[in-house]
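Data first, discussion second: the structure below is written as structure tokens.
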Amino acid sequence: MDFESTPLTRSEYISAMVHFYRGEVARSNIWRQRLDQTTNWAVVTTAAIITFTFAATERTHVLLLLSSFVTLGFLWIEARRFRYFSVYRARVRMLEENFLLPIVTRNLISPKPDWREFVAMDLDVPKFKITPVESLALRVRYNYYWLFTAQAAAWLLKTWMHPDPALTLREWYGHMGVGTVPGWPLLLIGGLFFAAMSVLFVLGGRAGEIVEDEIHGYESDRGHWKF
104 MDFESTPLTR SEYISAMVHF YRGEVARSNI WRQRLDQTTN WAVVTTAAII
154 TFTFAATERT HVLLLLSSFV TLGFLWIEAR RFRYFSVYRA RVRMLEENFL
204 LPIVTRNLIS PKPDWREFVA MDLDVPKFKI TPVESLALRV RYNYYWLFTA
254 QAAAWLLKTW MHPDPALTLR EWYGHMGVGT VPGWPLLLIG GLFFAAMSVL
304 FVLGGRAGEI VEDEIHGYES DRGHWKF
């Protein structure tokens, strides 16, 4: 008799679901560790460049600007990884809410009667649960906004202190130039960049509601389970 025509017993179904849950938790943990790696790389790189730049007065402040672009690369990688992490985390939460919770409470009624259809469809045709912009916004809000803020503060401090402490705003502005390039293009680019990060920071608050909904209670809105 083939597999499809043989009905599963209750114990076989529970055993299969338990192994499925363990597998999804393992996948989720792997992607969680990958997220931590890129965050650690960004923090270490930022700290190293700031330390190196301030170690000698003759070292250019442009290094601090370049560190922002390096950090931006880490942000892009981490945002992509977070989209994959959200797929497995969403499955884990769906299983915890609708399979494990009824067993633990001894009330064998799933809060969401159609949860199996959602999980089955996601296994058949996996879909990302958040958009690229939402993922970028979340990572900026949780980690990278503060790294960019530290880099901007370090750049302002470096241009004020070196090569000699500026006594006036005009002198400080003069320190911001590089060779024949005046300071205003760097200020403009830096201002636009920080404004973009601030917009993502605000958008991250809205995108974070999806995460908070998953982690702190039943998923009231499953619109991000796209089919």
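Under my numbering, the first residue of the sequence shown carries the number 104, and numbering increases by one thereafter. Cβ atoms here follow ideal geometry from the backbone N, Cα and C, with glycine treated the same way. For clarity, every value in this text was computed on a predicted model and none was experimentally measured.
Could you tell me which residues DSSP puts in a beta bridge with residue 284?
281
Give me the Cα-Cα distance between residue 171 and residue 144, rounded to the nearest whole angstrom.
13 Å
Short of 6 Å in beta carbon distance, which residues of its chain neighbour residue 153, apart from the five on each side in sequence? Order them along the chain.
257
Roughly how many angstroms separate the alpha carbons of residue 148 and residue 142, rounded to a whole number?
10 Å
Can you look up residue 161 in the DSSP assignment and give me helix, strand or coil?
coil
Backbone CA spacing between residue 134 and residue 283 [nearest angstrom]
46 Å
Check whether residue 218 and residue 201 have beta carbons under 9 Å apart:
yes
Check whether residue 254 and residue 163 have beta carbons under 9 Å apart
no
Three or more C-beta pairs below 8 Å linking the segment 232-241 and the segment 185-192
yes
Our contact map puts residue 240 next to residue 303 with C-beta atoms below 8 Å; I'd like the distance itself, whole angstroms only.
5 Å
Residue 307: which of 122, 187, 286, 237 sits nearest, CA to CA?
237
Which complete alpha helix (DSSP H) runs does the segment 198-223 hold, if anything under 4 residues is left out?
204-208
Can you tell me whether residue 124 sits near the ligand NAD, meaning its C-beta is under 8 Å from at least one heavy atom of the ligand?
Among the ligands in the structure shown, none appear at all, so the ligand NAD cannot be discussed.
Determine the direct distance from the alpha carbon of residue 297 to that of residue 287, and round the result to whole angstroms.
15 Å
In this structure, how does DSSP classify residue 128 when only helix, strand and coil are distinguished?
helix
Between the beta-carbon of residue 185 and the beta-carbon of residue 260, is there less than 9 Å?
no
Quick one: what does DSSP say residue 271 is sitting in, helix, strand or coil?
coil
Classification of residue 155 by the beta-carbon crowding that lies within 10 angstroms, buried from 16 upward:
exposed
Please report the distance separating the alpha-carbon of residue 199 from that of residue 111.
21 Å
Look up residue 166 in the DSSP assignment and say whether it is helix, strand or coil.
helix
Sequence-distant residues of its chain with Cβ nearer than 6 Å to residue 182 (five each side left out):
238, 239, 242
By DSSP, does residue 111 sit in helix, in strand, or in coil?
coil
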